[in-house]
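**Q**
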Amino acid sequence: MTEPIAFPAAPEAWLAFATTRADERLAQVDEAVTALKDGTSRSALEILQLWNDLQIALRSAHSEAEVLAEVHPERAVREGAESRTAATQAKDAELMTDAELAAVFAAADATGLDADAARLIKRIRRDFRRGGADRDAETRERVRELAARETELGVAFARSIREGRREIRVAPDDLAGLPADFLADRPVGDDGLVAVSTDNLDVMAVMTYAHDRGTRTALRIARSELAWPENDPVLAELLHVRQQHAELLGYASWADYETEDRMAGSSARVASFLAEVDEATRAAADAEYDLLLARLREDVPDATEVTNADLHYLLARLHEERFAVDAQEVRRHLHVERVLGGLLSTTGRLFDIEYVPVVVPTWHEDVRSYDVVRAGTRIGRIHLDLHPREGKFNHAACFPLAPGVRGRVLPEAALVCNFPRGLMEHREVQTFFHEFGHLVHDILGGDQEWAPLSGVATEWDFVEAPSQMLEEWVWDAEVLAPFATDESGVPIPADLVERMREAEAFGRALLTRTQLGHARVSYHLHMDRPADLAAATDHWYRTSTPVRTLPGTHSYASFGHLTGYGSCYYTYQWSLVIARDLLTGFAGLLDEESASRYRREILEPGGRRDAADLVEAFLGRPFTVDAYREWMGSPGA
451 MTEPIAFPAA
461 PEAWLAFATT
471 RADERLAQVD
481 EAVTALKDGT
491 SRSALEILQL
501 WNDLQIALRS
511 AHSEAEVLAE
521 VHPERAVREG
531 AESRTAATQA
541 KDAELMTDAE
551 LAAVFAAADA
561 TGLDADAARL
571 IKRIRRDFRR
581 GGADRDAETR
591 ERVRELAARE
601 TELGVAFARS
611 IREGRREIRV
621 APDDLAGLPA
631 DFLADRPVGD
641 DGLVAVSTDN
651 LDVMAVMTYA
661 HDRGTRTALR
671 IARSELAWPE
681 NDPVLAELLH
691 VRQQHAELLG
701 YASWADYETE
711 DRMAGSSARV
721 ASFLAEVDEA
731 TRAAADAEYD
741 LLLARLREDV
751 PDATEVTNAD
761 LHYLLARLHE
771 ERFAVDAQEV
781 RRHLHVERVL
791 GGLLSTTGRL
801 FDIEYVPVVV
811 PTWHEDVRSY
821 DVVRAGTRIG
831 RIHLDLHPRE
841 GKFNHAACFP
851 LAPGVRGRVL
861 PEAALVCNFP
871 RGLMEHREVQ
881 TFFHEFGHLV
891 HDILGGDQEW
901 APLSGVATEW
911 DFVEAPSQML
921 EEWVWDAEVL
931 APFATDESGV
941 PIPADLVERM
951 REAEAFGRAL
961 LTRTQLGHAR
971 VSYHLHMDRP
981 ADLAAATDHW
991 YRTSTPVRTL
1001 PGTHSYASFG
1011 HLTGYGSCYY
1021 TYQWSLVIAR
1031 DLLTGFAGLL
1041 DEESASRYRR
1051 EILEPGGRRD
1061 AADLVEAFLG
1071 RPFTVDAYRE
1081 WMGSPGA
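For the sequence shown, the positions run 451 to 1087 when the working numbering is used.
Structure follows, in C-alpha cells:
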C-alpha cells in the first residue's frame, strides 16, 4: 500500500527536509539517467519504466520544494526550498537537452506498447525536440543557461510579490462601510490611525465596502506597487531570456513555443481567440460601464471615469440597489468552517469520496490534512492551508505534492489560500470551490501507471475548466442550504440566492474584459517585449476595458501569473468556454449519475487522452462556444 509523505515533527528538521530530501531525489534522477545511457539493450517498455522512476523522483522533489518555498513560516526553509526548486528545473532542462538520452528514446521500438505507453513515448520524443536535444552542443548548452536564468528570474519575481507586503494608515472614518468584524480585527493605533495591508483579505474588503474613494485608491495603488520597482528589471530580463530561448529552438516567439503543445496550438490562434472574447463582451461591457459611471457620479459629481479602485465597490452598490443583494447579509451565512464542511460534503457526494481528517505533522499549525477515501481505501491525501500569515504565498492556488502512480506513489496535494477565519465573501467561497476543483482533479486523476500522465496532466489551456465549472455550485440554493447558514442555523434564503444569480450577471461582461486585459498583457508583453513596461501594460488595459487602471502604477510587477502562465493567461477564458459547455452535460448540479460520468470521463483519465477527446467523451460531441455566449448574453447565443 502506498504511503503519504511523512513531514518532519521537529521544527529543526524542516531545513534538511527541504534540501537534503530534494538532493537525494536528484541523485536518483542521475542514477536513472546513467542506467538509461549504459548501452544495455532494453525494450521500449523497460526504457519507459526507468523514465518513470526518474520522473517520480524529479516531480516529487520539485513539488515538495515548490510548496515549502511558498508556505513555510521560516525564511531559511523557504530559501533552501527555493534553491531546490531551481535545481529541479535546471535538472529538467539538462535532461531535455541530453542528445544521448534523446537517442535512446528515438531508437526504442514502440511496437506493441499499450495506448498509454505509446502516448507517453510520443510525448517524451516531442519534449526532447522542444527541449533542444536535437540541436548542436553549443546550442544545447546555451538553452540550458537560458533555462537556468529563467528559473532564477521566476523565483525572484515570485519572492518579491510574496514578501512585498505594504500597509497604508487611514483614519477610522475613512473605513466607513467596512464590516464590523473587519474593523474589530484592526484596532486604532497610538497615532489614531488604522493599518490596512495589501493582503488579499484587506484589499477585497476595502474595494468592496469602503465608501471613501480616496481610501480605495490609496490601497489599490499600494497593492499595484508591492513588487515595484524590484520586479521591473526582473520582468524585462525574463521576457528577453524567453525570447532568446524560443528563437534558439526555431520559434518566432515565446508564445509560439508555449502554445505548440496546448489546445490553441499557436500564438495566432491565441490572438484570434482574444478577438472573439472582445467581440462577445464589448457591447454589454460598455452598457454596464455607463451605469457604473452614473452611479459613481452620485457620490462624486465631477467624476469622469471609473477606475479599478471603483469597480468592485460600484458593482456591490448596484447589486444592492438594483437586485436587493446586500453583500454583508450574504456573508452572514458564509462562515469559513461551515463553508469548508459544505465543500467537503458536496464534492464527496459528487465524486463518491470521503475526506477523513488525519492528525499528522505539517509545515504550520493552521494546516488541516485529510485522507481521501473511496470504499474504505485511501486514494490520496490533501492538505488545506487556508489562512494568511507573513511570508506565505498571498493568493489562492493548488500545489501538487506527489504524482500519483498506481501501487507506488499516493497522490498528494496542498490547497494554499488566504481566507478569513470567520465570515467569507461569496466570491471567496467561489474561489474556494474553484481551487478545490484543482485539488480533486489532482487526486482523482492520480491513479495512473505513468507519472507524466498523472493528475492535472492535460493541455495547460484546459486545466482551469474543471475548476471553473465547479464554481457554478456556489450559485445554487439547494447546494448552499446545508452549509450557508447564519449563526442560528437558518439557511440562506433561496430568493436571496436567486437575486445573487441575477446580480452576478450584471457586471459579468465588464469583469470579463478585465480578464481580457490580463490576457492581452500576458500575451503582448511576451510578443512585443516593450522597452516601457508600464506604458505597454496601460495600453493593453485601455484597449481591453473602459475601467481605467490608476495612472502611474505598475501592476505588471505583481502579476504573479507572468511566471507560471507566461504568455498564456488566455487560458482562463479558453477554459471557461469549455467549462460552460461541460455544465450542459449535467442533468442537475447534484445529479449523481452525471457527476459519476464526469468523474470517469474528465477527471480520472489524468493526461491519458487529449482534452478535446475528454470533453467529447463526456458531452457526446465536440465542445462549442454556444454555452459561453449564452451565459455572456452576447449576440449569436
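C-beta: ideal position from N, C-alpha, C; glycine also.
Being a predicted model, the structure only gives us computed values, none of them experimental.
Please give me, in chain order, every unbroken run of the alpha helix (DSSP H) with length at least 4 that falls completely inside the segment 760 to 818.
**A** Whole alpha helix (DSSP H) segments, 4+ residues: 761 to 773, 777 to 781, 786 to 801.
**Q** How do the segment 501 to 509 and the segment 849 to 863 stand: do at least 3 beta-carbon pairs fall below 8 Å, yes or no?
**A** With a cut-off of 8 Å, the segment 849 to 863 and the segment 501 to 509 count as touching, because enough Cβ pairs lie within range.
**Q** Which of the three DSSP states is assigned to serine 717 in this structure?
**A** Helix.
**Q** Quick one: what's got a C-beta closer than 6 Å to phenylalanine 607's C-beta in the same chain, skipping five residues either side?
**A** These residues qualify, in order along the chain: Asn681, Val684, Thr1013.
**Q** Just checking, does the segment 952 to 972 make contact with the segment 667 to 676 on the three C-beta pairs under 8 Å criterion?
**A** At 8 Å Cβ cutoff, the stretches do not touch.
**Q** Cα-Cα, which of Leu784, Arg818, Arg636 is closest to serine 938?
**A** Closest by alpha carbon: Leu784.
**Q** Using a 10 Å radius around the Cβ and a threshold of 16 neighbouring Cβ atoms, would you call valine 789 buried or exposed?
**A** By the neighbour-count rule (16 or more Cβ atoms within 10 Å), valine 789 is buried.
**Q** How is the alpha helix (DSSP H) around valine 483 delimited, first residue to last?
**A** Counting along the chain, the alpha helix (DSSP H) containing valine 483 begins and ends at 464 to 486.
**Q** Return the CA-CA distance between valine 809 and arginine 528, expressed in angstroms with no decimal places.
**A** Cα to Cα, the separation comes out at about 24 Å.
**Q** If I measure Cβ to Cβ from histidine 661 and keep anything under 6 Å in the same chain, skipping five residues before and after, which residues do I get?
**A** Only Ala626, Gly627 meet the Cβ criterion.
**Q** Quick one: any contact between the segment 1055 to 1074 and the segment 1026 to 1045, if contact means 3 or more CB pairs under 8 Å?
**A** Touching, yes, given that three or more Cβ pairs across the two stretches are closer than 8 Å.
**Q** Could you tell me whether the segment 966 to 980 touches the segment 933 to 951, where touching means 3 or more Cβ pairs closer than 8 Å?
**A** As far as the Cβ criterion goes, the segment 966 to 980 does not touch the segment 933 to 951, which means the pair count is below three.
**Q** Helix, strand or coil: how does DSSP classify proline 941 here?
**A** Here proline 941 sits in strand by DSSP.
**Q** At 4 residues or longer, and completely inside the segment 556 to 582: list those alpha helix (DSSP H) runs for me, N to C.
**A** Qualifying alpha helix (DSSP H) stretches, in chain order: 565 to 581.
**Q** Identify the continuous beta strand (DSSP E) that holds valine 620 and give its terminal residues.
**A** Run containing valine 620: 617 to 620, per the beta strand (DSSP E) assignment.
**Q** Using a Cβ-based criterion (distance less than 6 Å to any ligand heavy atom), does arginine 569 qualify as near the ligand GDP?
**A** Within the structure as shown, the ligand GDP is missing, as the structure has no ligands at all.
**Q** What does a CB cutoff of less than 6 Å around alanine 1087 pick up in its chain, not counting 5 residues either side in sequence?
**A** Note that alanine 1087 scores 36 on pLDDT, short of 50, meaning its location in the model is unreliable; the coordinates nonetheless yield the value given after this. Hits under 6 Å: Arg1079, Glu1080.
**Q** For arginine 831, report the span of its beta strand (DSSP E) as first-last.
**A** Run containing arginine 831: 827 to 835, per the beta strand (DSSP E) assignment.
**Q** Taking only runs of the alpha helix (DSSP H) that begin and end inside the segment 834 to 907, which ones reach a length of at least 4 residues, in chain order?
**A** Qualifying alpha helix (DSSP H) stretches, in chain order: 876 to 894.
**Q** From leucine 975 to leucine 643, what distance separates their C-alpha atoms?
**A** So the alpha carbons of these two residues sit roughly 39 Å apart.
**Q** If you measure between the beta carbons of valine 605 and glutamate 687, is that distance less than 7 Å?
**A** No, the pair does not count as a contact, with Cβ atoms beyond the cut-off.
**Q** Output needed for leucine 746: all residues of its chain with C-beta closer than 8 Å, excluding positions within five of it in sequence on either side, in chain order.
**A** Counting only Cβ-Cβ distances below 8 Å, and skipping sequence neighbours, we find Ala753, Val756, Asp760, Leu764.
**Q** Just how far apart, CA to CA, sit arginine 534 and leucine 603?
**A** Taking the straight line joining both Cα atoms gives about 14 Å.
**Q** One question on the structure: do aspartate 566 and methionine 713 come within less than 7 Å of each other, judged by their Cβ atoms?
**A** It is not a contact, given that the beta carbons lie outside the stated cut-off.
**Q** Quick check on glutamate 738: buried or exposed, where buried means 16 or more other Cβ atoms within 10 Å of its Cβ?
**A** With 16 or more other Cβ atoms within 10 Å, it is buried.
**Q** Would leucine 894 pass as a contact of leucine 1053 if the rule is Cβ separation under 7 Å?
**A** Yes.
**Q** How many Å lie between methionine 1082 and proline 458 at the Cα?
**A** Approximately 49 Å between the Cα atoms of the pair.
**Q** Along the alpha helix (DSSP H) that carries valine 644, what are the first and last residues, could you check?
**A** Unbroken run through valine 644 is the beta strand (DSSP E), 644 to 647; no alpha helix (DSSP H).
**Q** Terminal residues of the continuous alpha helix (DSSP H) containing tryptophan 704?
**A** From DSSP, the alpha helix (DSSP H) with tryptophan 704 extends over 704 to 709.
**Q** At the level of alpha carbons, what is the spacing between leucine 1026 and serine 491?
**A** Straight-line Cα distance between these residues: approximately 47 Å.
**Q** Entirely within the segment 965 to 1027 and at least 3 residues each: give me those beta strand (DSSP E) ranges in chain order.
**A** If we require 3 residues or more, the segment 965 to 1027 turns out to have no beta strand (DSSP E) run fully inside it.
**Q** Taking DSSP as the reference, what is the three-state secondary structure of aspartate 821?
**A** If DSSP states are grouped into helix, strand and coil, aspartate 821 belongs with the strands.
**Q** May I ask you to list the residues that DSSP assigns as paired with threonine 1074?
**A** Beta-bridge pairing links threonine 1074 to no other residue.
**Q** Assign threonine 935 to one of three DSSP states: helix, strand, or coil.
**A** Correct three-state label for threonine 935: strand.
**Q** How many angstroms separate the CA atom of valine 906 from the CA atom of cysteine 848?
**A** Roughly 11 Å between the two C-alpha positions.
**Q** Going along the chain, which residues of its own chain have a beta-carbon closer than 8 Å to the beta-carbon of alanine 482, five neighbours each way excluded?
**A** Correct list, in chain order: Leu500, Trp501, Asp503, Leu504, Ala507.
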